[in-house]
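Residue numbers (our numbering): 827 to 1036. Working notes, structure below.
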């Protein structure tokens, strides 16, 4: 499973806002994502599990997003990657290994921080107990392009994302991913989060559509 695919699934699954969304989170934030998932082969009745974590930088107004991913490999090591989406130029940069930068053409737009009005509100619930109880709201919606099912949990008071589960056919096979949001902080403290490293700036190869 490629890191680019994990990031692609996450980006496509952020809700696309319509005229009257249920609620919207802040337009710019940082968060740590805990990633778990599985690739299911129905022919062999087998499953490959995916786990890891990532640091997300999300800037809706600036039309950009960055994800520093760390995906666990079968030997227990982590495969690291940085992906930067610059929607204003329809460009994605992926950096892996020894500063190897690859440029891709982006076909989609930056996703809104809002729950779409076409979503189904499932249930109001709480997480935690006592004085640490957090009121949350569960939503269900489907991606209009891919048909993937999305289950989104947000805080009831300010729509901060708590958990996103994406399920469907991805890259031709059944897959499911859960992204748990932790350490969500409004704004972006790292003012260099979207700076491109030299290997990206000196890459003159043609964009690869993907």
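In this text, a Cβ means the ideal position worked out from N, Cα and C, and glycines have one as well. Predicted model only: the values in this text are computed from it and were never measured.
Cβ-Cβ distance between residue i and residue j below 7 Å
| i | j | result |
| --- | --- | --- |
| residue 979 | residue 999 | no |
| residue 935 | residue 920 | no |
| residue 851 | residue 986 | yes |
| residue 1009 | residue 858 | yes |
Secondary structure of residue i, DSSP reduced to three states
| i | result |
| --- | --- |
| residue 1025 | helix |
| residue 1008 | strand |
| residue 958 | helix |
| residue 1016 | coil |
| residue 914 | helix |
| residue 925 | coil |
| residue 975 | strand |
| residue 857 | strand |
| residue 998 | coil |
Residue environment, residue i, which counts as buried when at least 16 other CB atoms sit within 10 Å
| i | result |
| --- | --- |
| residue 878 | buried |
| residue 918 | buried |
| residue 1043 | Past the boundaries of the shown model lies residue 1043; the chain is included only from 827 to 1036, so the question cannot be answered. |
| residue 863 | buried |
| residue 970 | exposed |
| residue 976 | buried |
| residue 992 | buried |
| residue 856 | buried |
| residue 945 | buried |
| residue 974 | buried |
CB contact below 7 Å: residue i versus chain C
| i | result |
| --- | --- |
| residue 971 | The displayed structure is made up of one protein chain only, and chain C is not part of it. |
Contacts around residue i, its chain only, beta-carbon distance under 6 Å, and the 5 residues preceding and following it disregarded
| i | result |
| --- | --- |
| residue 885 | 854 |
| residue 989 | 979 and 1006 |
Other residues of its chain near residue i: CB distance less than 7 Å, five sequence neighbours each side excluded
| i | result |
| --- | --- |
| residue 911 | 837, 890, 891, 918 and 932 |
| residue 894 | 880, 881 and 908 |
| residue 898 | 877, 878 and 904 |
Beta-carbon proximity list for residue i, same chain, < 8 Å, skipping 5 on both sides
| i | result |
| --- | --- |
| residue 915 | none |
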